[in-house]
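Structure first, then comments.
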Amino acid sequence: MYVALTGTPGTGKTSAATILSKRGFAVSTVEELAAQHGALETAEGGKEVDTDKLSKSMPESPQTLIIVGHLAHHLPNDFCIILRCHPEEIRKRLSARNYSREKLMENLEAEAIDVVLTEAIEACETVFEIDTSNVKPEQVANAIENIINGDADEYSPGKIDWSGAVMDWY
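With the sequence shown counted from 1, adding 908 to any position gets you the numbering used here.
Okay, structure coming up:
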């Protein structure tokens, strides 16, 4: 079973995945899988994942594998968990990572207008979302574990709306 763990950069994917890995879950990043399956290409200033090539090369998984990354929802999955975070909190998190203003604004806007959620709903059969704005990574990992174990009712998509945050920018 594949579980896609996705979201805009800064929503807490890596932190939650690290905790889940320590709890015994199999976790892999999109980039790691792409490298294993020959779907990682060198592009301008970095690496690029060929999600189509990777999707075609991924065999069925006999175990639960959590696939982490902002492109995870483009890969085969049994369900998708999107981490969401208020844009002002993402601003703090990404500023601490020294994101350029252009990259920062691109990600804030993507979160505010539900880009990952929209893509995931189009690509995935089952989607859940978790608000990570004011919770610790351990609590996010607990929520993910609950979803994996079938306790997912409170995480149905469509309850999180940051669109009003955009108006505060102008």
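Cβ coordinates follow ideal geometry from the N, Cα and C atoms, glycine included.
Just so it is clear, the structure is predicted and the values come from calculations on it, not from any experiment.
Query, Result
"Give me, in chain order, the residues of the same chain whose beta-carbon lies closer than 6 Å to that of Ala934; leave out the 5 immediate sequence neighbours on both sides.", "Gln971 and Leu973"
"Which same chain residues end up closer than 6 Å to Asp986 when comparing Cβ atoms and leaving out the 5 residues on each side of it in sequence?", "Met909 and Tyr910"
"Terminal residues of the continuous alpha helix (DSSP H) containing Leu1012?", "Arg1009 to Ala1020"
"Pull the bridge partners of Ile974 from the DSSP assignment, please.", "Val911 and Val935"
"Quick check: Ile990 and Thr914, are their CB atoms within less than 8 Å of each other?", "yes"
"Mind reading off the beta-carbon distance from Val957 to Ala942? Whole number of angstroms is fine, and I expect it under 8 Å.", "4 Å"
"DSSP state of Thr950, grouped into three classes?", "strand"
"Asp958 by DSSP, collapsed to three states: which one?", "coil"
"Does the Cβ of Thr1026 have 16 or more other Cβ atoms within 10 Å, making it buried, or fewer, making it exposed?", "exposed"
"The alpha helix (DSSP H) spanning Arg1001 covers which residue range?", "Pro995 to Ala1004"
"According to DSSP, is Tyr1046 helix, strand or coil?", "Per the sequence shown, residue 1046 should be read as Glu rather than Tyr. DSSP places Glu1046 in helix when its eight states are reduced to three."
"Am I right that Thr916 and His978 are in contact with their C-beta atoms under 8 Å? What's the rounded C-beta distance?", "7 Å"
"Quick check: the region 1016-1034 against the region 1043-1051, are there 3 or more CB pairs under 8 Å?", "no"
"Please list the terminal residues of the continuous alpha helix (DSSP H) segment that includes Glu1030.", "Val1023 to Ala1031"
"Assuming Ser1008 and Pro984 are in contact, meaning their beta carbons sit under 8 Å apart, how far apart are those beta carbons, in whole angstroms?", "So it is not a contact: roughly 33 Å between Cβ atoms."
"Can you give me the Cβ contacts of Ser923 inside the same chain, cut-off strictly under 6 Å, excluding the 5 residues immediately before and after it?", "Pro1045"
"Going straight from the alpha carbon of Tyr1063 to that of Ser969, what length do you get?", "24 Å"
"By the three-class DSSP mapping on this structure, what secondary structure does Glu940 have?", "helix"
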